[in-house]
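To keep things clear, I will list the structure first and then write my remarks on it.
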Amino acid sequence: MGLRKAALVGAALVSAGFAMAATGASAQNEQFIPGLVYRTGAYAPNGIPFANGVADYYALINERDGGINGVKILYEECDTGYATDRGVECYERLKNKGPTGAAYVNPLSTGITFALTEKAPIDKIPLITMGYGRSESRDGSVFQWNFPLLGTYWSAADIIMQHIAKKEGGFDKLKGKKIVLVYHDSPYGKEPIALLEQRAKMHGFTFTPMPVTHPGVEQKATWLQIRQNRPDYVLLWGWGIMNSTSIKEAVAVGYPRDKMYGVWWSGAEPDVRPAEGGAKGYNAAMLQHGAGQFAIHGELKKHLYDKNKGSTKWEEVGEVLYNRGLVNAMLGVEAIRTAQKKFGNKPLTGEQVRWGIENLDLNEARIKELGLEGMLKPLKVSCSDHEGTREGRIQQWDGAKWNVVSDWYQSDDKVLKPMVDAAAKKYAEEKKLPVVDCSKQS
Amino acid sequence: MFYREAGQFKTNYVADQQIFPVLQDRLFVLAAIVAAFVAVPLFATPYLYTEILIPFLILSLAAIGLNILVGYCGQVSLGTGGFMAVGAYAAYNLWLRVPEANNLIVVFLFGGLMAAAVGILFGIPSLRIKGFYLAVATLAAQFFLDWLFARVKWLTNYTPSGSVAVGNTSVFGWKIDTPDERYLFILAFVVVATLVAKNLVRGHIGRSWMAIRDMDIAAEIIGFRPLRTKLTAFAVSSFFIGIAGAMWAFLRLGAWEPLAFDINRSFQILFMVIIGGLGSLLGSFLGAAFIVLTPILLNQLPGWLGVKMSTALLSHLEFMVFGAMIVFFLIVEPHGLARLWAVAKEKLRLWPFPH
Numbered sequence: 001m002g003l004r005k006a007a008l009v010g011a012a013l014v015s016a017g018f019a020m021a022a023t024g025a026s027a028q029n030e031q032f033i034p035g036l037v038y039r040t041g042a043y044a045p046n047g048i049p050f051a052n053g054v055a056d057y058y059a060l061i062n063e064r065d066g067g068i069n070g071v072k073i074l075y076e077e078c079d080t081g082y083a084t085d086r087g088v089e090c091y092e093r094l095k096n097k098g099p100t101g102a103a104y105v106n107p108l109s110t111g112i113t114f115a116l117t118e119k120a121p122i123d124k125i126p127l128i129t130m131g132y133g134r135s136e137s138r139d140g141s142v143f144q145w146n147f148p149l150l151g152t153y154w155s156a157a158d159i160i161m162q163h164i165a166k167k168e169g170g171f172d173k174l175k176g177k178k179i180v181l182v183y184h185d186s187p188y189g190k191e192p193i194a195l196l197e198q199r200a201k202m203h204g205f206t207f208t209p210m211p212v213t214h215p216g217v218e219q220k221a222t223w224l225q226i227r228q229n230r231p232d233y234v235l236l237w238g239w240g241i242m243n244s245t246s247i248k249e250a251v252a253v254g255y256p257r258d259k260m261y262g263v264w265w266s267g268a269e270p271d272v273r274p275a276e277g278g279a280k281g282y283n284a285a286m287l288q289h290g291a292g293q294f295a296i297h298g299e300l301k302k303h304l305y306d307k308n309k310g311s312t313k314w315e316e317v318g319e320v321l322y323n324r325g326l327v328n329a330m331l332g333v334e335a336i337r338t339a340q341k342k343f344g345n346k347p348l349t350g351e352q353v354r355w356g357i358e359n360l361d362l363n364e365a366r367i368k369e370l371g372l373e374g375m376l377k378p379l380k381v382s383c384s385d386h387e388g389t390r391e392g393r394i395q396q397w398d399g400a401k402w403n404v405v406s407d408w409y410q411s412d413d414k415v416l417k418p419m420v421d422a423a424a425k426k427y428a429e430e431k432k433l434p435v436v437d438c439s440k441q442s
Numbered sequence: 443m444f445y446r447e448a449g450q451f452k453t454n455y456v457a458d459q460q461i462f463p464v465l466q467d468r469l470f471v472l473a474a475i476v477a478a479f480v481a482v483p484l485f486a487t488p489y490l491y492t493e494i495l496i497p498f499l500i501l502s503l504a505a506i507g508l509n510i511l512v513g514y515c516g517q518v519s520l521g522t523g524g525f526m527a528v529g530a531y532a533a534y535n536l537w538l539r540v541p542e543a544n545n546l547i548v549v550f551l552f553g554g555l556m557a558a559a560v561g562i563l564f565g566i567p568s569l570r571i572k573g574f575y576l577a578v579a580t581l582a583a584q585f586f587l588d589w590l591f592a593r594v595k596w597l598t599n600y601t602p603s604g605s606v607a608v609g610n611t612s613v614f615g616w617k618i619d620t621p622d623e624r625y626l627f628i629l630a631f632v633v634v635a636t637l638v639a640k641n642l643v644r645g646h647i648g649r650s651w652m653a654i655r656d657m658d659i660a661a662e663i664i665g666f667r668p669l670r671t672k673l674t675a676f677a678v679s680s681f682f683i684g685i686a687g688a689m690w691a692f693l694r695l696g697a698w699e700p701l702a703f704d705i706n707r708s709f710q711i712l713f714m715v716i717i718g719g720l721g722s723l724l725g726s727f728l729g730a731a732f733i734v735l736t737p738i739l740l741n742q743l744p745g746w747l748g749v750k751m752s753t754a755l756l757s758h759l760e761f762m763v764f765g766a767m768i769v770f771f772l773i774v775e776p777h778g779l780a781r782l783w784a785v786a787k788e789k790l791r792l793w794p795f796p797h
């Protein structure tokens with residue numbers, strides 16, 4: 001009867017659960033890289049193109065070069081659904097795989113980054129949080145294992161504020177203006193508030209943060225408030241379905257889209273397309289690169305897509321988030337390459353890769369060699385600066401594609417540096433962490 | 443053949459009032475506890491500790507707490523996540539602001555007590571509101587507490603992102619750092635808490651809860667005061683849930699945000715109680731095991747079997763199979779997994795000669 005069947009199913013599951021033995025050891029000359037992605041859930045529309053970009057770059061390195069200096073990349077995905085506890089489970093599941101364990105981890109969620117920040121120093125696995133994560137973690141003397149490469153949220157907010165100030169004719173013209181931040185009510189969305197409050201104090205504009213709860217489809221009340229207050233600018237810190245909902249609500253209450261500025265996670269095709277014509281004029285910060293195809297995409301076509309080995313349709317290659325996945329994977333691979341110069345061309349441990357990221361130095365020539373010319377500016381990571389570079393531009397959606405509408409901005413370190421130092425110091429004191437003296441590092 | 447109480451005579455009241463009157467049951471439970479304390483640490487890997495055993499134990503404790511309220515006292519609650527959050531943030535604030543109290547036992551008990559106080563507060567409407575309506579009223583607790591921890595900056599020590607972190611935790615100078623230390627500490631806590639819960643539910647207080655559950659008017663007529671009975675159920679239930687919340691935050695996550703205790707957590711624990719078995723402590727453990735472990739197993743099973751499939755398909759399959767399993771178990775045994783266990787024991791008594 002049913003009972004016996006149930007017992008059998010249960011017994012099978014339990015025995016499988018305790019047979020935790022990892023799948024057999026694979027070839028020794030492989031570098032394992034875990035991928036925490038989300039191809040399901042409320043954030044999947046944005047998670048999928050990113051994950052495809054990452055997977056394709058690793059596949060390209062294996063196909064074209066036979067790995068990193070002969071060390072094949074072993075890449076395994078785990079679906080987190082953007083949930084912190086599931087992300088931590090994925091991390092624990094994957095961290096010891098491969099001959100040397102995980103080279104580094106891309107948590108791909110600020111919430112998961114916060115949780116893993118506690119674990120990384122114990123497991124000795126670096127976190128590459130490209131364009132997300134804790135803003136103060138760029139201070140490598142306290143956050144030795146965190147690398148918010150290419151930019152933090154404080155940099156993003158500062159770049160957007162600089163752009164707005166430029167449009168208004170200088171920071172002094174911002175006095176008395178009203179700026180609203182519509183943000184995802186999670187660590188991710190709250191990150192820029194500290195900087196915007198600081199800027200508001202400096203320049204005398206009123207700053208109002210307005211939270212939107214996960215997953216962000218319920219925003220009517222927020223936009224009603226915006227309609228009443230008529231702020232001069234609306235900044236958008238959303239992700240996934242929340243972005244397109246915000247733009248649609250802006251259309252509904254008649255808020256001008258060209259006064260809206262999204263962070264770089266609110267500036268991709270899945271965010272603006274659902275609003276159709278309504279998104280025209282909407283602006284977003286760029287994490288250096290934008291959409292479009294460059295030399296690297298030709299390589300992808302030749303080695304993967306012409307052989308039917310790509311992870312998506314060719315039409316989607318070159319979208320903003322796909323490109324971000326490529327860049328993210330590239331930074332990791334280059335870090336491993338850097339580390340190999342010191343430790344030899346063999347699979348490296350997380351600790352060795354950490355050295356590689358900290359000494360990562362991509363100059364113009366190298367970026368051109370990689371086929372990324374036009375997408376990235378040079379970056380140089382150091383012990384005291386785990387961000388590498390903090391430059392960005394603003395792009396605008398014209399109804400069919402993204403256009404770059406600004407020059408390069410660099411976030412103002414006169415404002416940011418004291419904030420980073422104070423926040424990092426507070427973190428170190430609270431957790432009683434040892435602080436590394438960066439001046440003594442070679 | 444082996445599971446039979448024939449010949450086990452009870453000659454005094456102590457023997458008659460034991461938790462497990464049958465010798466075989468006693469031995470089995472003792473063996474299980476010894477195995478958990480001694481045998482598991484011999485072979486367990488860090489992954490098994492941190493992702494399987496620790497979440498299982500902590501959520502079992504939360505399920506026990508909710509089972510006291512829903513299963514034993516009949517008051518449906520959807521505020522579990524909120525009460526866990528109270529435990530977590532109360533414990534965090536004590537740990538942060540009173541350096542002398544850096545002892546996990548003190549910190550967790552404080553979290554539990556604060557949760558109990560909040561539980562009593564939100565339990566007051568239960569005197570007037572019943573059944574589904576009470577479930578809706580407890581939703582208010584969930585949303586209010588979510589809001590409180592997201593908005594009142596003092597509670598999260600003014601961190602810019604609202605995410606707080608703890609570290610350097612110890613018990614009487616014993617630093618609890620590694621997965622096995624955490625596991626043993628949680629296990630000890632859960633064993634003691636389960637013992638307390640068991641004795642509560644089989645004693646006078648538990649009987650008063652069950653009387654209220656089965657028919658509140660009759661209970662009132664035979665002399666149970668509904669207000670006091672219901673509020674003790676809310677207090678005890680929230681106390682356990684608060685401790686579970688503090689443990690989840692301190693020993694499972696280490697760094698967390700209010701989202702870790704959102705409405706989904708409430709549903710998750712309510713499902714554990716329903717699938718495990720209402721009004722059964724064993725059911726709380728079985729339900730927690732089912733809800734925590736099955737999705738992880740389903741997600742990894744194809745990998746162990748050597749089947750290659752895409753991450754997305756794997757995740758979707760996980761959802762579908764898990765949903766189907768819930769439906770299957772509820773059809774086979776609507777009273778939960780604990781009832782399946784009880785039926786199995788009945789059959790075992792007759793085996794090998796069923797009539």
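Heads up: the sequence lines are chains A and B, in that order.
So that you can map any letter, position 325 of the first sequence is 325 in our numbering, and since no number is skipped, the others follow by simple counting.
So that you can map any letter, position 168 of the second sequence is 610 in our numbering, and since no number is skipped, the others follow by simple counting.
Even glycine gets a Cβ: it sits at the ideal position worked out from N, Cα and C.
Since the structure is predicted, the reported quantities are computational estimates derived from the model, not experimental observations.
Residue of the options minimising C-alpha distance to residue i
i                   : options                                   : result
lysine 173/A        : His203/A, Lys190/A and Leu150/A           : His203/A
glycine 844/B       : Lys167/A, His184/A and Ala165/A           : Given that chain B is displayed from residue 443 to residue 797, the structure contains no residue 844/B and the question cannot be resolved.
phenylalanine 390/B : Ser650/B, Val549/B and Thr611/B           : Missing from the structure shown is residue 390/B; chain B here goes from 443 to 797 and no further.
cysteine 90/A       : Phe525/B, Arg468/B, Thr753/B and Leu508/B : Thr753/B
glycine 718/B       : Asn741/B, Gly778/B and Val749/B           : Gly778/B
threonine 213/A     : Phe207/A, Arg93/A and Met242/A            : Met242/A
glutamate 542/B     : Gly615/B, Asp658/B, Ala691/B and Val456/B : Gly615/B
isoleucine 336/A    : Arg324/A, Leu326/A, Asn323/A and Glu351/A : Glu351/A
arginine 366/A      : Lys380/A, Val353/A, Glu358/A and Arg354/A : Lys380/A
Beta carbon proximity, residue i to chain B, threshold 9 Å
i                : result
tyrosine 188/A   : yes
histidine 214/A  : yes
isoleucine 122/A : yes
proline 99/A     : no
threonine 40/A   : yes
Beta-carbon contacts of residue i that lie in its chain and below 8 Å, excluding the five residues immediately before and after
i               : result
tyrosine 514/B  : Val643, Gly648, Trp651, Met652, Arg655, Ala675 and Gly721
glutamate 299/A : Leu60, Arg64 and Gly371
leucine 576/B   : Gln517, Val518, Ser519, Pro567 and Ser568
Residue-level contact to chain A via CB, residue i, 9 Å cutoff
i                   : result
serine 708/B        : no
threonine 580/B     : no
histidine 758/B     : yes
phenylalanine 761/B : yes
tyrosine 489/B      : yes
Buried or exposed (CB count within 10 angstroms, at least 16 for buried), residue i
i                : result
aspartate 123/A  : buried
serine 612/B     : exposed
histidine 797/B  : exposed
proline 516/A    : As displayed, chain A neither begins before 1 nor continues past 442, which places residue 516/A out of reach and without an answer.
alanine 527/B    : buried
isoleucine 685/B : buried
valine 471/B     : exposed
threonine 671/B  : buried
Own chain residues within Cβ distance below 6 Å of residue i, not counting five before or after
i               : result
threonine 312/A : Asn52
glutamine 450/B : Leu465
glutamate 77/A  : Gly35 and Val37
glycine 281/A   : Arg257 and Asp258
Close beta carbons around residue i, own chain, < 7 Å, minus the five adjacent residues each side
i                   : result
alanine 21/A        : In this prediction, alanine 21/A has a pLDDT of 39, which is less than 50 and means its spatial position is unreliable; nothing more can be read from the coordinates.
leucine 304/A       : Asp56, Ala59, Leu60, Glu63 and Gly310
phenylalanine 552/B : Ala532, Ala533 and Leu536
arginine 138/A      : Pro148, Thr152, Asp385, His386, Glu387 and Val420
| query | Any chance the stretch 525-534 of chain B sits against the stretch 475-484 of chain B, with 3 or more Cβ pairs inside 8 Å? | reply | no
| Cβ pair count under 8 Å reaching 3, the stretch 558-573 of chain B against the stretch 366-386 of chain A | no
| the stretch 505-519 of chain B in contact with the stretch 693-706 of chain B per 3-pair CB rule at 8 Å | no
| request: Tell me, please, whether the stretch 753-769 of chain B touches the stretch 113-121 of chain A by the rule of three or more beta-carbon pairs shorter than 8 Å. | output: no
| task | Spell out a yes or no on whether the stretch 135-151 of chain A and the stretch 386-399 of chain A are touching, meaning 3 or more CB-CB pairs, one atom from each, closer than 8 Å. | result | yes
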